[in-house]
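A short worksheet on the structure shown next.
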Amino acid sequence: MKMTNECWQAVYYFVNEKYKTYELPKEDRKNCQIFHRGKFKYESPAYSETIIKRRKRNQIEKGGKGGKQKYRIIWTDDHKYQLKTVNMSLEKDKHKIGNIIDVEIIEIINERTYLYKGYITNDTSNDVV
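For the sequence shown, my numbering gives the first residue as -12, with consecutive numbering after it.
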């Protein structure tokens, strides 16, 4: 990862090849309901100061140098959701408003942690986030 103009430019690769096409087993999907609401934190060192507050319809992320981001969250299944970018506090991120990110939980680590894959779906680049 490198930083350009105060913005992280990164390409993510799955460390373990099994996650490239992995899906959470059907019998585990109901367990994802514990992630539908609450307060969470990223494990990644790049976002370690970011706190996520997730409610029924909104997700707010704030902390670190990322400012404050607000998303509309729509759960499409127990283990899948969409985030629509509603507001970004930093000027350099304002172009992301309106982006839709499809997220799929692919493994539950414990009751506070999960592994996910996400894609910006309203962009022709189909970037992994």
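Note that the Cβ used here is the ideal one computed from N, Cα and C, for glycine as well. All values derive from a computational prediction rather than experimental measurement.
- The alpha-carbon separation between residue 23 and residue 12 amounts to approximately 18 Å.
- With contact defined as three or more Cβ pairs closer than 8 Å, the segment 56 to 72 and the segment 80 to 98 are in contact.
- Under the DSSP assignment, residue 25 falls in the beta strand (DSSP E) whose first and last residues are 25 to 28.
- Below 8 Å, enough C-beta pairs join the segment 92 to 101 and the segment 6 to 21 to call them touching: three or more.
- Measuring C-alpha to C-alpha distances from residue 26 to each of 5, 38, 52, 107 identifies 38 as the nearest.
- When the Cα atoms are used, residue 44 and residue 58 turn out to be separated by approximately 9 Å.
- Of the candidates 101, 56, 42, the residue whose Cα lies closest to the Cα of residue 80 is 56.
- Per DSSP, the beta-bridge partners of residue 71 are 59, 87.
- Residue range 38 to 41 is occupied by the beta strand (DSSP E) that includes residue 40.
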